[in-house]
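Numbering (UniProt numbering), first residue to last: 1 to 408.
Here's what the structure looks like:
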């Protein structure tokens with residue numbers, strides 16, 4: 001019997017977790033032979049959610065914790081999973097073929113699929129936070145470069161107002177300036193002027209105003225100033241290694257270190273335009289995670305999907321949904337599966353934002369949580385201690401997520 005391909009494009013949080021779930025809980029239940037082909041331009045998974053601390057120092061967040069070999073994680077499945085280091089160049093939904101380019105050889109090849117999972121995610125403006133669609137060596141070089149700049153930096157500018165910007169500012173502030181004393185609101189002897197510029201009237205857009213103001217207070221404690229309603233219009237690197245930052249009001253700031261930490265762009269360059277929404281994300285059925293306009297057995301998961309709020313929590317909630325629906329689709333063959341689909345249901349606001357190594361703000365399911373809770377859950381180690389077991393080795397999915405059609 002001919003083996004059928006389940007192609008997964010992207011091996012970061014969404015793609016890697018989906019691979020583990022399908023290999024453990026879907027493939028064993030199929031009557032016909034199927035094989036997962038996992039494709040990513042990088043050989044290594046990068047612990048994106050811990051990047052703010054790694055940006056500050058490898059002593060605080062070692063390189064060995066940040067980068068993990070993808071092949072090591074999937075070799076446990078033997079021939080059921082094949083990892084290819086390569087990037088998608090084009091995709092033809094009509095012929096059900098993805099054309100990829102091998103990273104090492106540059107050789108192009110066409111791969112047919114019986115099912116396709118789009119999990120390519122997004123990339124940040126700065127190469128410090130995420131892989132940019134290439135090798136992990138590029139990211140390592142960017143981290144090495146900023147680590148050399150930090151000790152002598154006197155002026156640091158960070159653009160953005162979301163979690164990545166706040167967390168990075170907090171990490172750099174505490175590393176360089178230390179923290180305020182018991183009866184002070186700012187460090188007594190700051191070594192660098194650190195400014196966080198945000199185009200918004202508040203920090204952390206999805207959190208309530210009181211939580212955002214608390215985050216600003218914690219940033220002040222490590223010598224970081226927050227400037228609101230100010231957009232960075234351009235940034236130009238100078239011959240001396242500094243960066244000239246142009247603000248929207250015409251002011252210029254010359255920074256020793258400039259970090260753009262605002263916004264993300266979907267990694268969609270190979271996806272037909274007709275399947276993208278106005279913002280460049282894949283038009284995804286927000287309930288089933290199918291890409292309905294792309295033909296049978298095509299799905300999107302994680303940041304690349306139009307349904308997603310671009311969070312790890314979303315991915316964790318999405319993986320079992322995709323797993324259940326793809327299993328039903330594969331068992332139904334070319335027909336429509338009977339009964340209701342499993343539906344994705346996003347959780348109320350959950351976001352934990354460490355600000356330095358001892359403080360933090362956040363909400364869990366819409367409820368404000370104390371600073372100690374944020375430190376306990378995330379701020380201690382940015383949840384890096386469980387990352388290898390959960391993400392790389394797939395131990396988060398040791399058990400199948402149960403579901404009954406009555407829950408649809």
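Note that the Cβ used here is the ideal one computed from N, Cα and C, for glycine as well. No experiment lies behind these values; they were computed from the predicted model shown.
Same chain, Cβ closer than 7 angstroms to residue i, neighbours up to 5 away in sequence not counted
i	result
residue 141	none
residue 364	350
residue 192	153, 154, 155, 156, 176, 177
residue 240	none
residue 13	302, 312, 315, 391
residue 388	68
residue 18	8, 117, 119, 301, 319, 322
residue 47	65, 66, 384, 387
residue 220	185, 186
residue 126	259, 260, 261
residue 181	188
residue 215	166, 203, 204, 353, 355, 361
Cα-Cα separation between residue i and residue j, rounded to whole angstroms
i	j	result
residue 67	residue 118	22 angstroms
residue 109	residue 391	28 angstroms
residue 386	residue 236	39 angstroms
residue 168	residue 276	31 angstroms
residue 260	residue 199	12 angstroms
residue 50	residue 381	8 angstroms
residue 172	residue 164	12 angstroms
residue 318	residue 344	6 angstroms
residue 5	residue 81	10 angstroms
residue 384	residue 335	43 angstroms
residue 248	residue 208	26 angstroms
residue 204	residue 210	11 angstroms
residue 293	residue 136	33 angstroms
residue 202	residue 226	10 angstroms
residue 332	residue 324	12 angstroms
residue 158	residue 196	5 angstroms
residue 75	residue 399	19 angstroms
residue 412	residue 166	Residue 412 falls outside the range modelled here, since the chain spans only 1 to 408, and no answer is possible.
residue 88	residue 270	6 angstroms
residue 274	residue 337	26 angstroms
residue 37	residue 105	18 angstroms
residue 28	residue 42	28 angstroms
residue 99	residue 113	11 angstroms
residue 238	residue 348	44 angstroms
Cβ-Cβ distance between residue i and residue j below 7 angstroms
i	j	result
residue 121	residue 302	yes
residue 194	residue 156	yes
residue 40	residue 11	yes
residue 342	residue 397	no
residue 93	residue 295	yes
residue 187	residue 223	yes
residue 393	residue 73	yes
Cutoff 8 angstroms; reference residue i; Cβ partners in own chain excluding five residues on either side
i	result
residue 217	185
residue 123	130, 131, 132, 133, 264, 265, 267
residue 374	352, 353, 354, 359, 360, 361, 362
residue 107	101
residue 150	56, 57, 172, 175, 176, 257
residue 30	327, 330, 331
residue 230	197, 198, 199, 247, 248, 249
residue 289	299, 300, 301, 305, 307, 318, 321, 322, 325, 344
Simplified DSSP assignment, three categories, for residue i
i	result
residue 118	strand
residue 305	strand
residue 375	helix
residue 44	strand
residue 206	coil
residue 344	coil
residue 148	helix
residue 92	strand
residue 409	As displayed, the chain neither begins before 1 nor continues past 408, which places residue 409 out of reach and without an answer.
residue 387	helix
residue 180	coil
residue 417	The structure shown does not extend to residue 417, since the chain is modelled only from 1 to 408, so the question has no answer here.
residue 137	helix
residue 403	coil
residue 18	helix
Whole-number beta carbon distance between residue j and residue i, since they are thought to touch under 8 angstroms
i	j	result
residue 244	residue 251	That pair is no contact at about 11 angstroms.
residue 111	residue 97	7 angstroms
residue 267	residue 162	Residue 267 to residue 162, Cβ: 19 angstroms. No contact.
residue 146	residue 257	7 angstroms
residue 22	residue 326	7 angstroms
residue 346	residue 309	6 angstroms
residue 254	residue 242	5 angstroms
residue 3	residue 44	Not a contact, Cβ separation roughly 28 angstroms.
Close beta carbons around residue i, own chain, < 6 angstroms, minus the five adjacent residues each side
i	result
residue 298	116, 291
residue 320	401
residue 307	284, 286
residue 53	60, 61, 171, 382
heavy atom of the ligand NAD below 6 angstroms from residue i C-beta
i	result
residue 129	Summarising the ligand content, the structure contains no ligands, and the ligand NAD is consequently not present.
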